[in-house]
Amino acid sequence: MEHTGLAPAYRDDPRLAPLIHPGGPFEVENVVLAGIPLRDFVRAPRTIVDVFRAGAAHDALVNVVYEGERLTFADVRGRARGVARELRTTFGVRSGDRVGIAMRNLPEFVIGFWGAALAGAVVVPLNSWWTGGELTYALRDAGVSVLFADGDRCERIRSADRPEGLALVGVRTDAGDLAFDELTAAAPLADDEFARLDRDDPVTLLYTSGTTGRPKGALNTNRGTIANLWNMAFASAREAIIAGRRPAPPRQSVTISTAPLFHIGGVSAIVGGPLGGGKMVLMRRWDAQEWARLAVDEEVTALGGVPAVARQILEYPGVGELGLDVRLFSIGGAAVPPDLVTLATQVFGADVALLNGYGLTETTSAVVTNVGVEFAAHPDSVGRPNLTADVKVVDADGTPLGLGDVGEICFRSPQVARGYWNDAAATKTSFRDGWFHSGDLGCVDAEGFVHVVDRLKDVVIRGGENVYCAEVEAVLHEHPDVVEAAVVGIDDRALGERVCAVVVPRPGTEPTLASLRAFAAGRLAAFKCPEALVVLAELPTTATGKIAKTALRAQVAAAAERAW
């Protein structure tokens, strides 16, 4: 069964009519793209350049805060225009060229993103936790010509095999070929010189972890990026209506970015800023005590993060006595423990708007949302498909299944990426006839709620970061003391899951967790390295000789007390 068209929960609710009926801010229309029938918003901005222009209405407001630095929207917009000018004139960047960003959460990330977009470039945010080898692989694969990088990332790239012809622009470091500040100081690009983008032009190329050991770049478009913002705005408006909540007094939205800006969620936060004039508070690294100070000083109105971060916020000593006026609390990036939903309302009161959802890089962030009273009533669900999303659940042959039947969850939406960069085979596998096959197993119930029950892909979700087991296993197999290796996730209250290596040792050797971690450290980002070890005489296998991961997880659970 394909769940297409406006969901009855939206279509048949008279309270939502002013929002979605003709003339409403969230009115949708049927469109056909490359033969694929879709729904899209009638009144949304056409491109992210249009969103940037909208930011002029908030020029006097603070846009970005970082360690005492405060940049208004006017500051960010002016510096981004200078970056765009230099990308065009000094580096010869033209529409469709790739410009990369590799740094911790800094104001320059936001400025560089907008500067590249105004020049017409496809922005390539790279995982700042990657090793030099991982970074240079993605830089080559994407064909990045200019990279904005902070000191740590500059050093990693210089110590690895730096791609020939790559211009390295240093951010808060002299390790680059030139300084980012030289770009921001340039004469600003005028409005009529901004790139003229089409709705279906790509705007970002974001790399996901690869099941075969190499990351894949998902190509996201203007249309998909804007649709995500509009769907989130609709979810928020709908939540207030179904909760019967009266409009809150107008004030600037303030959020602390607890997730990396190189995630698709970080990109959404950057692009969404100019629309509502929200303030984004950046942290050098996550620290609960620093978070509490910033939350009070900056008067945050929206909080949240992956379950591990959300729990630290909700369980912070005295959090209920900080005097915070939190209106939105979101939890995403991994399965949500039901107790977090209850805890959030206990800490911030019954009027706090709760938000959960489900999405991937390939769906330009959340494509399913669970809000407010519905989230509280259905904490085991990720919610209903967004206003412009269709969903189906299919069996191994691709045949649609009925209500409640478990199969692979697939989505069709303007948010679905155009495919994987330079990877026709992976694109053909995951993007079929307009539907993105998520690799997650689940079902749709009679009320239209989507439930994710398992993963078709072999992946560990550690603190919101996907760790593909095959990538780690490939490295472990190179260790001289290891004959066979497998990787599974082990439950962890703080991070959701941790990476556990299961190995069969070479005769006469005794591999240790320390030796495996040291071996992997130069090949994998730190969050991918094993944090627990189980040594077995042999790995369980299926009748076809493949490792039986379900049986292996059971063995690991049984061996837990001996292993860690």
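Note that numbering that gives the first Met the number 0 numbers the sequence shown so that position 492 is 491, with each residue one more than the last.
Glycine residues also receive a C-beta, built at the ideal position from the N, C-alpha and C atoms.
Residue range of the alpha helix (DSSP H) that includes residue i
{"i": "glycine 81", "result": "72-88"}
{"i": "aspartate 338", "result": "337-347"}
{"i": "serine 437", "result": "That residue, serine 437, is in no alpha helix (DSSP H); its beta strand (DSSP E) goes 434-443."}
{"i": "proline 17", "result": "16-19"}
{"i": "glutamate 238", "result": "221-241"}
{"i": "cysteine 468", "result": "468-475"}
{"i": "glycine 271", "result": "263-275"}
{"i": "isoleucine 35", "result": "Looking at the DSSP string, isoleucine 35 is not in any alpha helix (DSSP H); the run it does join, the beta strand (DSSP E), is 35-40."}
{"i": "proline 106", "result": "106-117"}
{"i": "serine 429", "result": "423-429"}
{"i": "valine 381", "result": "Note, valine 381: premise wrong, no alpha helix (DSSP H); not H, not E."}
Contacting residues, own chain, Cβ-Cβ under 6 Å from residue i (five flanking each side not counted)
{"i": "isoleucine 269", "result": "Val109 and Phe112"}
{"i": "tryptophan 563", "result": "With a pLDDT of 49 at tryptophan 563, under the threshold of 50, the modelled position of that residue is not reliable, and the figure given next carries that caveat. Contacts found: Ala531."}
{"i": "glycine 277", "result": "Ser252"}
{"i": "valine 533", "result": "Val501, Val555, Ala558 and Ala562"}
{"i": "threonine 300", "result": "Ser252, Val253 and Arg326"}
{"i": "lysine 548", "result": "none"}
{"i": "leucine 468", "result": "According to the sequence shown, residue 468 is cysteine rather than leucine. Cβ within range, chain order: Asp457 and Val486."}
{"i": "glycine 175", "result": "Cys153, Leu167, Val168 and Gly169"}
{"i": "glutamate 509", "result": "none"}
{"i": "proline 539", "result": "Ala547, Ala550 and Leu551"}
{"i": "tryptophan 420", "result": "Leu204, Gly216 and Leu218"}
Beta-carbon spacing of residue i, residue j below 7 Å
{"i": "valine 221", "j": "arginine 198", "result": "Before going further, note that residue 221 is asparagine rather than valine in the sequence given. Yes. Within cutoff."}
{"i": "threonine 203", "j": "valine 122", "result": "yes"}
{"i": "alanine 166", "j": "phenylalanine 90", "result": "yes"}
{"i": "phenylalanine 233", "j": "leucine 354", "result": "no"}
{"i": "glycine 54", "j": "proline 187", "result": "no"}
{"i": "arginine 366", "j": "alanine 352", "result": "According to the sequence provided, residue 366 is valine. The question's arginine does not apply to it. In this structure, alanine 352 does not lie closer than 7 Å to valine 366 by Cβ."}
{"i": "glycine 447", "j": "alanine 6", "result": "yes"}
{"i": "leucine 302", "j": "glycine 271", "result": "no"}
{"i": "alanine 116", "j": "isoleucine 47", "result": "yes"}
{"i": "threonine 135", "j": "alanine 120", "result": "no"}
{"i": "leucine 125", "j": "alanine 416", "result": "no"}
{"i": "glycine 623", "j": "glutamine 414", "result": "Since the displayed the chain opens at 0 and closes at 563, residue 623 lies outside it and no answer follows."}
Closer than 7 Å to chain D by CB, residue i
{"i": "threonine 549", "result": "The displayed structure is made up of one protein chain only, and chain D is not part of it."}
Residue span of the beta strand (DSSP E) that contains residue i, given as start and end
{"i": "phenylalanine 147", "result": "143-149"}
{"i": "valine 415", "result": "Looking at the DSSP string, valine 415 is not in any beta strand (DSSP E), and its letter there is neither H nor E."}
{"i": "tyrosine 357", "result": "352-359"}
{"i": "leucine 302", "result": "301-304"}
{"i": "alanine 101", "result": "97-101"}
{"i": "threonine 363", "result": "It is not in any beta strand (DSSP E) - threonine 363 carries neither H nor E in the DSSP assignment."}
{"i": "isoleucine 546", "result": "From DSSP, isoleucine 546 is part of no beta strand (DSSP E); its letter is neither H nor E."}
{"i": "valine 123", "result": "121-124"}
{"i": "valine 318", "result": "Taken as a continuous stretch (DSSP letters only), valine 318 belongs to no beta strand (DSSP E), as it is neither H nor E."}
{"i": "phenylalanine 328", "result": "327-330"}
Cβ-based neighbour list, residue i, same chain, cut-off 7 Å, excluding 5 preceding and 5 following
{"i": "valine 482", "result": "Val503, Pro504 and Arg505"}
{"i": "glutamate 537", "result": "Val503"}
{"i": "alanine 343", "result": "Leu313, Phe328, Val351 and Leu353"}
{"i": "leucine 196", "result": "Thr46, Val48, Gly119 and Asn221"}
Residue i CB to nearest heavy atom of the ligand FMN below 6 Å
{"i": "aspartate 149", "result": "This structure simply doesn't include the ligand FMN, nor any ligand for that matter."}
Assumed close pair residue i, residue j - CB separation to whole angstroms, cut-off 8 Å
{"i": "glycine 401", "j": "methionine 102", "result": "So it is not a contact: roughly 48 Å between Cβ atoms."}
{"i": "isoleucine 35", "j": "glycine 418", "result": "Not a contact, Cβ separation roughly 13 Å."}
{"i": "serine 364", "j": "phenylalanine 261", "result": "The pair is not a contact, with the Cβ atoms about 13 Å apart (cut-off 8 Å)."}
{"i": "histidine 478", "j": "phenylalanine 518", "result": "5 Å"}
Cutoff 8 Å; reference residue i; Cβ partners in own chain excluding five residues on either side
{"i": "arginine 139", "result": "Pro162"}
{"i": "arginine 250", "result": "Thr300"}
| said: Is it the case that the region 137-149 contacts the region 159-176, given that we only count it when at least three CB pairs across the two stretches are under 8 Å? | reply: Touching, yes.
| Touching or not, the region 237-248 and the region 54-73, by the rule of three or more beta carbon pairs under 8 Å? | no
| Can you find at least 3 beta carbon pairs, one from the region 483-498 and one from the region 306-326, that sit closer than 8 Å? | yes
| query | Hey, is the region 388-399 in contact with the region 371-380, meaning 3+ C-beta pairs nearer than 8 Å? | reply | no
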